[in-house]
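What follows is one structure encoded as structure tokens, with my remarks underneath.
This is the structure we're talking about:
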């Protein structure tokens, strides 16, 4: 029994007109950005995050070839009339108007929903090289609206591309350039209500367009949490999490999206997909939820989901551990996973990510080297342990639960760390590292200003291959940069999720593109080489970002031809006219193996 029936609670942290608060050509809030104030000093504006000024250290300036006197320029936001005139059947428009479902033909509104957050898409926006944009934006307000829109699209031969928070990093919402039919961007942002909370069974039901921070804010009022906290949770949506098989920073305690999903409703051209019961588990043939999870808008529109929730933790504590090198940290994390301790969040940063994190502390009164030295001496690391500050690796930790549970988990984790020469580095470092996660994405915008391409990619890998994969990818990227005469580049990594059998590894690749003819093509070539190295070391095509369009070329390294053929057959059965023709994996012609042979997996 729901404790208060249908809540119908609605919150609009991000308004319908997203351009009021969200950047049109970059990441995040409009008033949040790094601004170069004086030589080597950048200030972070907006006041939303605990970041003030940062000093660009000598090692970073030299390594990346930064010249603060030379900047790239992003074009101003074009007026609506500069975008192509939409071509939409007149009878479709008449029926849509009769339905009273909100829509817009405005060029800027359409452009805003034509992209996600890949470096390719953001660079195109900044340089004015716009690709195809939707012909119309329609704001569904509820499940019934979505059913009507899908029926209209079927009847008039139009394409639907669902749009949630716009945070995807796979090109998933980009319009296929060769699509001749009119394209609808179905914006779910107004489907943002928390419908009910069931405290007896610890579940809740929400509409698919609710963003993570709004869902958590409403649950918190009831003393509850979903615990699902991806790096993008300020902007990404519940429906988007399901559609991409998302993961969050607190997965170890709360699970990935597939672990907390109880029930989901999706509108397809064949009708509504959903189970008839909402139970913790059922043995009734293949689970349709696993067809919806990861479907990336290619089969239908997710409208509602029921997920597990939990009481807010009674106690929370941060921590950190410093290791002499990255490999020692990986061995420690592997042992933590083997003993199944699993802090709520644990992330292991390599040396360069650790130093970048210190840069973001915001104290520009002393040099970065002095910060590291002072920090290290405080821990007696360099004085008594002989650790090299240019080799150190740091793990940041978050423990949640009762006070006794946290204390027991802490004690066990730190005891294991000592076996691998790990030393406690304090709560402050752990909390800062965790909070800075939400700021990292903003660095890409200032990087582009300074002629730096900067992008991330991720994988999951068995424990036995984790250290070798990290070293192999770094070596391969360095070789590829050398072959292209790229002198100023950086490839860093961190371990972000622990499992019994392996872990998630997150890479950041940056290089100086000043004087380069096509920096985005260069990045794609470098990432492709890195992906080849990942596959050679038994890594996956993705841990949580998904496939979208940019990883379709690698799908033969992820599944067999018969498995892929089965998925494509399902697509044809559910959506025979390809109404959901976003050009992602399902229902498209997959390229041959880019590596010239069959998968080694």
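Numbering (UniProt numbering), first residue to last: 1 to 601. Just so it is clear, CB atoms sit at the ideal spot from N, CA and C, and this is done for glycine as well. It should be emphasised that the depicted structure is a prediction, and the values quoted were computed from it without experimental measurement.
(Q) Could you check whether the segment 316 to 330 touches the segment 414 to 423, counting it as contact only if at least three pairs of C-beta atoms, one from each stretch, sit closer than 8 Å? (A) yes
* Check residue 528 in the structure and name its three-state DSSP category. => Here the question's residue 528 lines up with position 528 in the chain shown. Looking at residue 528 - three-state DSSP - the assignment turns out to be helix.
- Query: Measuring CB to CB, does residue 121 end up less than 8 Å from residue 581?
  - Reply: Numbered from 1 along the chain shown, position 121 holds the residue referred to as residue 121. Numbered from 1 along the chain shown, position 581 holds the residue referred to as residue 581. With respect to residue 581, residue 121 sits apart: the two C-beta atoms are not nearer than 8 Å.
query = Quick one: is residue 283 buried, meaning 16 or more other Cβ sit within 10 Å of its Cβ, or exposed?
reply = Locating residue 283 in the chain shown gives position 283, where the first residue counts as 1. It counts as exposed.
Q) Where do the N-terminal and C-terminal ends of the alpha helix (DSSP H) with residue 512 fall, by residue? A) One-based indexing of the chain shown puts residue 512 at position 512. Element bounds for residue 512: not the alpha helix (DSSP H) but the beta strand (DSSP E), 502 to 512.
Which residues does DSSP pair with residue 319 in a beta bridge?
Numbered from its first residue, the chain shown carries residue 319 at position 319. As a beta-bridge residue in DSSP terms, residue 319 pairs with 397.
task = Would you give the residue range spanned by the beta strand (DSSP E) that residue 268 belongs to?
result = Here residue 268 is taken as the residue at index 268 of the chain shown, counted from 1. From DSSP, the beta strand (DSSP E) with residue 268 extends over 261 to 268.
Burial state of residue 366 (16 or more Cβ within 10 Å):
Translated into positions along the chain shown, residue 366 becomes position 366. Below a pLDDT of 50, predicted positions are generally treated as unreliable, and residue 366, at 46, falls in that range; the measurement from the model is reported next regardless. Taking all protein chains in view, the Cβ of residue 366 is surrounded by fewer than 16 other Cβ atoms within 10 Å, so the residue is classified as exposed.
Original post:
residue 269 to residue 575, Cα distance in whole Å?
Top reply: Sequence index remark: in the chain shown, residue 269 carries index 269 (1-based). Sequence index remark: in the chain shown, residue 575 carries index 575 (1-based). Taking the straight line joining both Cα atoms gives about 6 Å.
Q.
Here's a check: name, in chain order, each residue in its chain whose Cβ is nearer than 6 Å to the Cβ of residue 44, leaving out the five neighbours to either side.
A. The count along the chain shown starts at 1 and reaches residue 44 at position 44. For residue 44, where only same-chain residues beyond five positions count, the Cβ hits under 6 Å are 34 and 51.
Discussion item. Which residues does DSSP list as the beta-bridge partners of residue 493?
Written reply: For the purposes of this step, residue 493 is identified with residue 493 of the chain shown, where counting begins at 1. Bridge partners of residue 493: 507.
Exercise for review: Specify, as a first and last residue, the run of the alpha helix (DSSP H) that residue 159 falls within.
Suggested key: Stepping through the chain shown from its first residue, residue 159 is reached at position 159. Unbroken run through residue 159 is the beta strand (DSSP E), 159 to 163; no alpha helix (DSSP H).
If residue 247 sits next to residue 433, beta carbons under 8 Å apart, how far is it from one beta carbon to the other, in whole angstroms?
-> Within the chain shown, numbered from 1, the residue matching residue 247 stands at position 247. Within the chain shown, numbered from 1, the residue matching residue 433 stands at position 433. No, residue 247 and residue 433 are not in contact; Cβ-Cβ is about 18 Å, not under 8 Å.
Sequence ranges, alpha helix (DSSP H) only - wholly within the segment 326 to 366, length at least 4:
326 to 338 and 351 to 359
Q.
Between which two residues does the alpha helix (DSSP H) holding residue 452 run?
A. Along the chain shown, one-based indexing puts residue 452 at 452. Element bounds for residue 452: not the alpha helix (DSSP H) but the beta strand (DSSP E), 452 to 462.
*Roughly how many whole angstroms lie between the Cα atoms of residue 526 and residue 533?*
For this step, residue 526 is matched to residue 526 along the chain shown. For this step, residue 533 is matched to residue 533 along the chain shown. For residue 526 and residue 533, the distance between alpha carbons rounds to 11 Å.
- Message: Quick check on DSSP: helix, strand or coil for residue 139?
- Response: Counting from one through the chain shown, the residue named residue 139 turns up at place 139. Here residue 139 sits in strand by DSSP.
Member of 277, 236 and 227 whose CA lies at the smallest distance from the CA of residue 253 | Position 253 of the chain shown, counted from the first residue, corresponds to residue 253. If we check each option's Cα against that of residue 253, 227 comes out closest.
Would you tell me roughly how many angstroms separate the C-alpha atoms of residue 23 and residue 75, rounded to the nearest one?
As a first step, residue 23 is located in the chain shown; it is residue number 23 there, counting from the start. As a first step, residue 75 is located in the chain shown; it is residue number 75 there, counting from the start. A straight-line Cα-Cα distance of about 13 Å links residue 23 and residue 75.
**Asked** What's the call for residue 232, buried or exposed, on a 16-neighbour Cβ count within 10 Å?
**Response** Walking along the chain shown from the start, residue 232 turns up at place 232. The residue is buried, with at least 16 neighbouring Cβ atoms inside 10 Å.
* Asked: In chain order, what residues of the same chain lie with their CB nearer than 7 Å to the CB of residue 258, ignoring the 5 residues before and after it?
  -> Reading the chain shown from its first residue, position 258 is the one you call residue 258. Excluding residues within five positions, the ones whose Cβ falls inside 7 Å are 245 and 293.
* Is there contact between the segment 475 to 486 and the segment 552 to 563, where contact requires at least three CB pairs shorter than 8 Å? -> no
ask   = Alpha carbon to alpha carbon, how far is residue 79 from residue 128?
value = Taking the first residue of the chain shown as position 1, residue 79 is located at position 79. Taking the first residue of the chain shown as position 1, residue 128 is located at position 128. Cα to Cα, residue 79 sits roughly 12 Å from residue 128.
Evaluate residue 329 with the Cβ neighbour count: other Cβ atoms within 10 Å of its Cβ, from every protein chain shown; 16 or more gives buried, anything less gives exposed. Taking the first residue of the chain shown as position 1, residue 329 is located at position 329. Answer is buried; the Cβ neighbour count reaches 16.
- What span of residues does the beta strand (DSSP E) with residue 302 cover, start to end? Position 302 of the chain shown, counted from the first residue, corresponds to residue 302. For residue 302, the enclosing beta strand (DSSP E) stretches over residues 301 to 308.
Q: For residue 54, write down the residues that DSSP places opposite it in a beta bridge.
A: Within the chain shown, numbered from 1, the residue matching residue 54 stands at position 54. Residue pairing by DSSP places residue 54 opposite 42 in a beta bridge.
message = Are the CB atoms of residue 496 and residue 57 within a distance shorter than 8 Å?
response = Position 57 of the chain shown, counted from the start, is the residue given in the question as residue 57. Position 496 of the chain shown, counted from the start, is the residue given in the question as residue 496. Taking 8 Å as the cut-off, the beta carbon of residue 57 is found no closer than this to the beta carbon of residue 496.
Exercise. Please classify residue 102: does DSSP put it in a helix, a strand, or coil?
Key: If you number the chain shown from 1, residue 102 lands on position 102. The answer is coil: DSSP assigns residue 102 none of H, G, I, E or B.
Excluding sequence positions up to five away, which residues of its chain have a Cβ less than 6 Å from the Cβ of residue 164?
Taking the chain shown and counting its residues from 1, one reaches residue 164 at position 164. Here the set comprises 188, 237, 239 and 240.
request  = Kindly provide the ranges of any alpha helix (DSSP H) runs that are 4 or more residues long and lie completely inside the segment 389 to 448, ordered along the chain.
outcome  = 403 to 419, 427 to 435 and 437 to 440
| How is residue 125 classed by DSSP in three states: helix, strand or coil? | Residue mapping note: residue 125 aligns to position 125 of the chain shown, counting from 1. In this structure, residue 125 counts as helix in the three-state DSSP scheme.
Reference residue 602; option with closest CA among 72, 152, 145 and 109
This structure leaves residue 602 out entirely; the chain is present only between 1 and 601.
Q.
Please report the straight-line C-alpha distance between residue 315 and residue 29, rounded to a whole angstrom.
A. Locating residue 315 in the chain shown gives position 315, where the first residue counts as 1. Locating residue 29 in the chain shown gives position 29, where the first residue counts as 1. Computed Cα separation, rounded: 31 Å.
Please list, in chain order, all residues of the same chain as residue 139 whose beta carbon is under 6 Å from its beta carbon, the five residues on each side excluded. On the chain shown, residue 139 is found 139 positions in, with the first residue counted as 1. The answer, listed in chain order, is 102, 187 and 190.
Residues near residue 520 by beta carbon distance below 7 Å, same chain, minus five either side: Residue 520 sits at position 520 when you count from the first residue of the chain shown. Contacts found: 119, 120 and 123.
- Message: So for residue 171, helix, strand or coil by DSSP?
- Response: In the chain shown, counting from the first residue as 1, residue 171 sits at position 171. Coil, per DSSP.
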